[in-house]
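Remarks on the structure that follows.
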Amino acid sequence: RTTIDPAEVLAALAAWKPEIEEDEDEDGEETDPPEGPTDVELASAVGATKALVAKALKKLIADGLVEKLAGRPARYVASGDQE
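In terms of the numbering used here, the sequence shown opens at residue 147 and continues consecutively.
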C-alpha cells in the first residue's frame, strides 16, 4: 500500500477502543485505559505502514481533527467536530 486517505485514519481513530485487561492488579488498583491509540496501533488497524499513518495524522492534526497527546508513546485522539 502506498497511499492512505486521512479520513480512513480518522475513522479508525474514532472507532478505536482500548483493550482493557479484565484481571485486576494484585493491589486492587485499576489502571486507566489509554485515551487513544498510538500510530503503531492505528497502522495495524487500517492495514498501512506506520509512515503512511504518521503522514495522515500530521494532516489531520493540521486540519484540527486530531489531537496528539503528550507522553510516550504518543497517543492520538479525535477532536473537534466529527460530523
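Even for Gly, the Cβ is constructed at its ideal location relative to N, Cα and C.
Computed from a predicted structure; not experimentally measured.
Sixteen is the threshold: when 16 or more other Cβ atoms of the shown chains lie within 10 Å of the Cβ of D185, as they do, the residue is buried. Note on geometry: alpha-carbon atoms of W162 and K201 lie some 19 angstroms from one another. With respect to the C-alpha of A189, the residue from P179, L203, P180 having the closest C-alpha is L203. In terms of CA proximity to D209, P152 leads the group R147, P152, T148. If you draw a 10 Å sphere on the C-beta of R147, you find fewer than 16 other C-beta atoms in it, and that means exposed. The continuous stretches of alpha helix (DSSP H) do not include K163, and DSSP gives it neither H nor E.
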